[in-house]
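Mapping of the sequence shown onto numbering that gives the first Met the number 0: residues 0 to 84, in sequence order. Beta carbons: idealized from backbone N, C-alpha and C, even for Gly. This report refers to the structure that appears directly beneath it.
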Amino acid sequence: MINILLNAKDAIKNNNIENGEIFISVKKNKSSVEILIEDNGGGIDDKEILTSIFDLYFTTKKESYGTGIGLYMTKIIIEQNLGGK
């Protein structure tokens, strides 16, 4: 979750959002827990980027600011270790 929150913070900062906000909500279902993280950092408009954001080494950040490992590892941990999606 830290990686997702840091990405949200970076989006707010890089898009010069004056009143940046990150919203976290938790919903318990019968057999699972849903965690939703939203921000007002501008989102991702480019469909090509959307299809690649969980790929290993994919980053939109400037050199030395991102490795492209964070969202990939987040997805792997959620799916393989926690049984989530």
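With a Cβ-Cβ cutoff of 7 Å, do residue i and residue j count as a contact?
i	j	result
I23	I3	no
E33	K26	yes
For the alpha helix (DSSP H) that residue i lies in, which residues bound it at each end?
i	result
E47	46 to 49
K84	Segment: none, K84 is in no alpha helix (DSSP H) and carries neither H nor E.
Quick one: give me the first and last residue of the beta strand (DSSP E) that residue i is part of.
i	result
I23	21 to 27
D38	32 to 38
Give me the Cα-Cα distance between residue i and residue j, rounded to the nearest whole angstrom.
i	j	result
N15	T73	26 Å
G144	I11	Residue numbering for the chain in the displayed model covers 0 to 84; residue 144 lies beyond these limits and cannot be assessed.
T58	Y64	9 Å
I48	D38	18 Å
E62	L55	16 Å
Go ahead and label residue i buried or exposed: buried means 16 or more other beta carbons lie within 10 angstroms of its beta carbon, across all protein chains shown.
i	result
L70	buried
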